[in-house]
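Protein chains: 2
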Amino acid sequence: MVDEQKTTEEIIFEAALSVFQRKGLAGARMQEIADEAGINKSMLHYYFRSKELLFKQVFIKSFKNFSASTLPIMNLEISWEEKIPLLVTHYLTAMQKRPDLPMFVINEMRYNPEDFLSNVGGNKIKDTLFFAQLMEGINNGTIRPMRPIQIVVSIISETVFPVIAKPMIQHMTKLQDTNWEAFIADREKMIPQMLIKYLKEF
Amino acid sequence: MVDEQKTTEEIIFEAALSVFQRKGLAGARMQEIADEAGINKSMLHYYFRSKELLFKQVFIKSFKNFSASTLPIMNLEISWEEKIPLLVTHYLTAMQKRPDLPMFVINEMRYNPEDFLSNVGGNKIKDTLFFAQLMEGINNGTIRPMRPIQIVVSIISETVFPVIAKPMIQHMTKLQDTNWEAFIADREKMIPQMLIKYLKEF
DNA sequence: GTCTATAAGGTGATAGAC
DNA sequence: GTCTATCACCTTATAGAC
């Protein structure tokens with residue numbers, strides 16, 4: 061730990077991140093954030109003025125965290141076939157560690173107007189090497205003709221959804237927690253196989 | 061309209077269904093439900109006692125609605141290869157009509173203890189003809205060896221997730237609403253092809 | 001059954017002492 | 001910068017007239 065001492069502002073922000081991601085904007089309480097930060101409630105207003113402003117900062121940070129985490133993998137200097145398993149593993153492990161993050165981002169995004177994220181800047185996935193590799197393969201006939209974005213959406217859907225819907229799936233299937241890990245491990249192999257097979261054999 | 065006159069209780073319940081699905085438990089307001097029902101707020105307590113009890117009924121109804129809607133398709137007397145496109149189309153169209161429903165169910169399920177749904181009774185998917193057909197195919201070697209539940213989860217993931225994550229995907233891809241329909245139409249063809257190819261060719 | 005009025009407690013936000 | 005005390009408002013819930 062090089063930088064042991066966190067500023068009060070950082071302590072509050074991390075507590076807010078945790079509470080907002082778990083409870084959402086409507087469900088979160090300023091008092092709960094203060095308690096989790098081990099600090100007086102007035103400090104929240106001193107540093108962030110209002111609940112809404114604190115939430116905005118937390119949301120933007122969460123959105124960047126979720127959407128930017130895969131960019132390094134997408135830009136690796138390896139083939140697209142090697143990239144898909146890496147992306148699948150990344151999402152499965154990252155989302156299992158923090159299942160509240162994707163849920164929070166997706167959920168709160170329904171209420172926030174588009175210009176809310178104007179300064180965040182999306183469209184980064186289209187600028188990755190992974191996207192360029194898919195485009196090239198499609199153009200030279202080695203990959204099935206389709207929109208590359210469909211592949212990205214499938215990877216995210218197949219990995220993120222089962223994790224956020226875990227309680228529902230467990231209820232549907234009566235799967236115990238001990239078997240859940242095996243279930244996810246199976247998916248980790250299955251999804252890349254299925255996607256690559258579909259893209260290459262046509 | 062055979063039964064034009066709805067009871068006050070039904071009017072309230074439908075308004076509650078709408079508001080809770082849009083705003084969630086924490087975000088919903090009893091006053092808003094009363095307004096949407098065009099009725100006095102006291103009536104909500106007269107018929108349902110408390111917000112929590114009203115929510116419970118709404119949640120159970122929503123859960124049944126979401127999870128039971130595919131059972132008729134799964135039990136059709138057709139082959140499993142014919143069933144997959146039907147299931148995909150069903151989820152895509154049903155979820156696009158009511159994107160709040162799956163989001164609501166998945167989201168609120170994180171907070172409700174398992175016994176909350178004990179009387180609803182899950183495990184129904186395992187009792188469908190679709191599930192039996194998959195098991196049979198796996199056992200006689202015509203379908204790739206795997207847990208049948210993985211197939212069901214993939215179908216739901218690939219269809220439900222893009223719809224609930226629509227704002228995020230649109231932000232990521234700068235996809236306009238007019239192109240969204242084409243995006244979904246492509247998926248409707250792509251997903252069954254991918255799944256069936258993976259299951260049969262191994 | 002339906003309404004008005006109001007209680008009772010929670011919640012975001014601020015003033016002011018230190 | 002940090003705390004206590006407090007305001008002003010909102011929200012669920014109930015009492016009681018009709």
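First to last, the protein sequences are chains A and B.
For the first sequence, the residue numbers in the working numbering are 61 to 262.
For the second sequence, the residue numbers in the working numbering are 61 to 262.
C-beta: ideal position from N, C-alpha, C; glycine also.
Residue j beta carbon less than 8 Å from that of residue i
i	j	result
leucine 104/A	isoleucine 72/A	yes
methionine 228/B	valine 213/A	no
tryptophan 240/B	glutamine 253/B	no
methionine 232/A	serine 127/B	yes
glutamate 218/B	glutamate 218/A	yes
tyrosine 144/A	isoleucine 256/A	The amino acid at residue 144/A is misidentified as tyrosine; the sequence shows isoleucine. Cβ distance < 8 Å, so isoleucine 144/A and isoleucine 256/A count as in contact.
proline 205/A	isoleucine 198/A	yes
isoleucine 209/A	lysine 260/A	no
serine 129/A	alanine 154/A	yes
Three-state secondary structure assigned by DSSP to residue i
i	result
glycine 84/A	helix
asparagine 135/A	coil
lysine 234/B	coil
glutamate 142/B	helix
arginine 109/A	coil
alanine 192/A	helix
lysine 184/B	coil
methionine 250/B	helix
lysine 66/B	coil
proline 159/B	coil
methionine 206/A	coil
asparagine 200/B	coil
threonine 130/B	coil
leucine 104/A	helix
glutamate 261/B	coil
phenylalanine 73/B	helix
tyrosine 151/B	helix
isoleucine 99/A	coil
isoleucine 215/A	helix
asparagine 167/A	helix
asparagine 172/A	coil
alanine 94/A	helix
alanine 225/A	coil
methionine 61/B	Caution is warranted here: a pLDDT of 49 is assigned to methionine 61/B, below 50, making its placement in the model unreliable, and no coordinate value can be reported.
phenylalanine 243/A	helix
Expected contact under 8 Å - CB spacing of residue i and residue j to nearest Å
i	j	result
tyrosine 171/A	valine 220/A	Not really, about 20 Å apart at Cβ, beyond 8 Å.
leucine 177/B	phenylalanine 123/B	6 Å
phenylalanine 108/A	phenylalanine 80/A	With a Cβ gap of about 12 Å, phenylalanine 108/A and phenylalanine 80/A do not count as contacting.
threonine 149/A	glutamate 248/A	6 Å
Of the listed residues the options, nearest to residue i (C-alpha basis)
i	options	result
methionine 169/B	Leu85/B, Lys260/B and Glu261/B	Leu85/B
tyrosine 106/B	Met90/B, Ile120/B and Phe119/B	Met90/B
valine 223/B	Phe119/B, Gln156/B and Ile133/B	Gln156/B
proline 159/A	Gln236/A, Lys249/A and Ser78/A	Ser78/A
lysine 186/B	Ala88/B, Leu131/B and Asn125/B	Leu131/B
isoleucine 215/A	Trp140/A, Arg82/A, Thr68/A and Val118/A	Trp140/A
lysine 27/B	Arg109/B, Ile211/B, Lys234/B and Asn167/B	The requested residue 27/B is not part of the displayed model; chain B covers only 61 to 262.
asparagine 135/A	Leu194/A, Thr153/A and Ala88/A	Leu194/A
alanine 225/B	Lys184/B, Leu189/B, Asn200/B and Leu161/B	Leu161/B
threonine 188/A	Arg207/A, Ile133/A and Val180/A	Ile133/A
asparagine 125/A	Val180/A, Ser102/A, Leu147/A and Lys111/A	Val180/A
glycine 201/B	Phe262/B, Asp237/B and Ala192/B	Phe262/B
arginine 207/B	Leu235/A, Ile120/A and Leu147/A	Leu235/A
methionine 250/A	Phe190/A, Leu146/A and Phe119/A	Leu146/A
valine 118/B	Ile93/B, Asp246/B and Asp237/B	Ile93/B
Segment contact flag, the stretch 69-83 of chain A with the stretch 96-103 of chain A, C-beta cutoff 8 Å, min 3 pairs: yes
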